[in-house]
Amino acid sequence: NFTQFKIPETCEEPDEKLTVIADAMTTGFWSVDNAGVKGGDTVIVLGCGPVGLFAQKFCWLKGAKRVIAVDYVDYRLQHAKRTN
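Going by our numbering, the first residue of the sequence shown is number -7, and it counts up by one from there.
Here it is in structure tokens:
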């Protein structure tokens, strides 16, 4: 699979940052899509790193009733609580 994004000429972010975001975002999206998450589901996401955070966000956008985030790194769990 591959995904293409058009980056506006006015974008001031460095290419390295955009590449990381595009990779983590699309991986999170495809994991949720492949799992068939739909409205009303309860979902568990293992890991609250960049991919896990995007996966959690996409679960909510798909209408999940509950998203359970699991990680053994406390600051990642705290970040997940604040952002999702």
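Glycine included, every Cβ here is placed at the ideal spot set by N, Cα and C.
All figures in this text were calculated on a predicted structure; none of them were measured in a lab.
Check	Outcome
Can you find the residues in the same chain that come closer than 7 Å, C-beta to C-beta, to V24, ignoring five residues on each side of it along the sequence?	A47, F50, C51, K54
Looking at C-beta atoms only, is the number of pairs between the region 30 to 48 and the region -5 to 7 that lie closer than 8 Å three or more?	no
When you compare only the Cα positions, how much space is there between T11 and K57?	31 Å
From K9 to A16, what does the alpha carbon distance come to, in whole angstroms?	11 Å
Using DSSP's beta-bridge definition, name the partner residues of I60.	I36
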